[in-house]
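Protein sequence lines correspond, in order, to chains A and B.
Under the working numbering, think of the first position of the first sequence as 447, with each following residue one higher.
Under the working numbering, think of the first position of the second sequence as 994, with each following residue one higher.
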Amino acid sequence: MSILRKLFTAIRGGAREMGESIADQNGVRIFEQEIKDAEGKIEKAKRDLTAVMAQEMQAARKVESLTADVQKHENFAAQALDKGDEALAMDIANKMVELQGELDIQTKAQESFAAHVTRLKGMIKQSTKTIADMQRQLVMVKTTESVQKATTAITDNYASGSSKLLTAKESLDRIKQRQQDLDDRLAAGDQLKSDLAGNDLESRLQAAGIGSTNSGAQDILAKLKAKKAG
Amino acid sequence: MLNLKTLASELAERGQDAEKDFLFTVNAIPGEVEVLQILVEDREELPIFISTSDDQVLCIAYLFKNEEVKADMVHEMNNAMLSANISIPLSSFAKIGDQYVIYGALSVSSNLDDVVHEIDVLASNMVEAIEVMSDFLK
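Here it is, written out as structure tokens:
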């Protein structure tokens, strides 16, 4: 069964500790062993492949030289017949039968080696794929296991921490409140800054005798004096 | 390949680098496998947990529990989460036991900047995720 299927089965079965349920089956050890075995098989197949390919090449060379030999003797036989030497031609023909028999054997051997090579190459390709798949699954097992362990550590920490007491909404409210406080503080800071800047301008205007300056008191006095005089 | 111990000290240093505007603290949680707890500044309520295995670095934030979801909306929410998963940059939703989580997985050949970026994105995604899923929560 694939690891993902095991995970799904565990989850659907309501298993909380899905990592454990997989580790329980010695998943890691079994997978590692299977991968090792498969790698061993590939190594052997590769050695076999080299040997069989060498045999195929030898057979191919033999086929080539025997074919040439047969051809050569055919020419000899023709020449013997041309010279009217029937007996010699017959001997050559016998030799050709022998050579042809050998050629047939070597051709069959070459074909068989070639087929073996194809089979081995296919097997190596297949096993390589299987190993890649098993390694992917092994990563899944290890990750599940590691997440399981990390989660246990986190949950233990979480349970002892203050954050445990807060729901997500409460946490969000606090974070947003803090953000709001910060925004307010920033806004207040801006306000203060602009107030200060405004005061500064006012004092400068005053110093320059522009705008509604301190003349208010003097104006009142002047009005009072004018009243008295009038 | 990232080593959690090295990563922990590098992250701790980077998290307190006042030059950067993204700050966080790092705590190691002991256990059968070591886990780092990352508290992002101003988002301490939602810690991010980091663990490493042979091939990946996992960054996980716990969102909420089964029991926090309105019973009649579980199916709709699960469906929405699955549908939204692919659109969320770097983070995905998942469940660990009765906890809904949001997580990101990195290759162990990632560098410190990759991990920091992952934390940054995850910290934003987790808050936004709870925000948009509030309707489903009690």
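All residues carry an ideal CB built from backbone N, CA and C; glycine is no exception.
Fair warning: this is a prediction, and the values are worked out from it, not measured in the lab.
Reduced DSSP category for residue i - H, G, I as helix; E, B as strand; rest coil
i        : result
F1015(B) : coil
K529(A)  : coil
A675(A)  : helix
V1033(B) : strand
V1062(B) : strand
L1051(B) : strand
S640(A)  : helix
Q583(A)  : helix
Q1009(B) : coil
I1089(B) : strand
L1083(B) : coil
V1125(B) : helix
G655(A)  : coil
G547(A)  : helix
N1118(B) : helix
V1028(B) : strand
V593(A)  : helix
L450(A)  : helix
S1002(B) : helix
Length of the line joining the Cα atoms of residue i and residue j
i        : j        : result
D627(A)  : D619(A)  : 12 angstroms
I1031(B) : T597(A)  : 15 angstroms
S511(A)  : Q504(A)  : 11 angstroms
A614(A)  : I488(A)  : 53 angstroms
I1112(B) : C1052(B) : 7 angstroms
A533(A)  : F559(A)  : 39 angstroms
H1110(B) : A1073(B) : 26 angstroms
L1075(B) : A1087(B) : 9 angstroms
L623(A)  : T590(A)  : Here the sequence assigns Gln to residue 623(A), which means Leu is not the residue at that position. Roughly 37 angstroms separates the two Cα atoms.
K673(A)  : A634(A)  : 47 angstroms
I1041(B) : Q625(A)  : 19 angstroms
L1056(B) : V1094(B) : 5 angstroms
Own chain partners of residue i with C-beta closer than 7 angstroms, once the 5 adjacent residues on each side are dropped
i        : result
V1101(B) : M994, L995, T1045, D1048, Q1049 and V1050
E520(A)  : M542
V516(A)  : M542, L545, Q546 and L549
Whole-Å CB distance - residue i paired with residue j, under 8 angstroms assumed
i        : j        : result
V1120(B) : L1004(B) : Their Cβ separation, rounded to whole angstroms, is 20 angstroms, which puts V1120(B) and L1004(B) out of contact at 8 angstroms.
A491(A)  : I570(A)  : 5 angstroms
L545(A)  : F477(A)  : In fact, because the Cβ distance is near 56 angstroms, the residues do not count as touching under 8 angstroms.
Beta-carbon contacts of residue i that lie in its chain and below 8 angstroms, excluding the five residues immediately before and after
i        : result
E1061(B) : L1130 and K1131
L527(A)  : A535
Q581(A)  : I481
Cut-off 6 angstroms between Cβ atoms - residues of its own chain near residue i, not counting five sequence neighbours on either side
i        : result
S649(A)  : none
L450(A)  : none
V681(A)  : The requested residue 681(A) is not part of the displayed model; chain A covers only 447 to 676.
V1033(B) : F1017 and A1116
request  = Starting from the N-terminal side, write out each stretch of the beta strand (DSSP E) that is 3 residues or longer and does not extend beyond the stretch 482–538 of chain A.
outcome  = The stretch 482–538 of chain A contains no whole beta strand (DSSP E) run of 3 or more residues.
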